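Using the working numbering, read the sequence shown as starting at 551 and increasing by one per residue.
For reference, the structure discussed in these notes is given below.
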Amino acid sequence: MIGCWVKRQQQAPYKCAIIFWTILAVTLSLDHPFRRELLRRGTRVVLCANSKPALNDVTAEELMMVMRQVVLVCPVMNEHLAAGTLCVRESGQASPCLDLRLAPRLEK
Numbered sequence: 551m552i553g554c555w556v557k558r559q560q561q562a563p564y565k566c567a568i569i570f571w572t573i574l575a576v577t578l579s580l581d582h583p584f585r586r587e588l589l590r591r592g593t594r595v596v597l598c599a600n601s602k603p604a605l606n607d608v609t610a611e612e613l614m615m616v617m618r619q620v621v622l623v624c625p626v627m628n629e630h631l632a633a634g635t636l637c638v639r640e641s642g643q644a645s646p647c648l649d650l651r652l653a654p655r656l657e658k
């Protein structure tokens, strides 16, 4: 499975990737290199979090507050957030269960 993904990465970049966030601290630290690589390759990255609080899941509003701090120390994230190739969106949910039918529709 990983070999297929690595092979795919050697081809044309993905147009868009949506990363769904739950627990802020874990996701923030683990996916940072992944996000940077997607952005470096020309992929639009959408960070998607709950619209309303649910258990210990992060909300889109909280995620945006964190991203405002991240861009102060990461020029790559700053550049892409300003350009709109990195953005934060609400998932339309207020539950720890992810229902992709409620995920945001993205403009082209």
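Even for Gly, the Cβ is constructed at its ideal location relative to N, Cα and C.
Quick caveat: nothing in here was measured; it's all calculated off a predicted structure.
Is Cys554 helix, strand or coil when you go by DSSP?
-> helix
Arg639 - DSSP class collapsed to helix/strand/coil: strand
**Of the listed residues Asn628, Glu587, Glu612, nearest to Tyr564 (C-alpha basis)** = Glu587
Problem set entry | DSSP three-state assignment for Val608, whether helix, strand or coil | coil
Decide if Trp571 is buried, meaning its Cβ has at least 16 other Cβ atoms within 10 Å, or exposed. buried
Practice item. Thinking Ala599 and Ser641 are a contact (beta carbons under 8 Å), I'd like their distance in whole angstroms, please. Key: 6 Å
**Item:** Among Arg558, Gly553, Arg594, nearest to His630 - alpha-carbon criterion
**Value:** Arg594
Contact set for Asn628: own chain, Cβ-Cβ below 8 Å, skip 5 residues either direction:
Val621, Leu622
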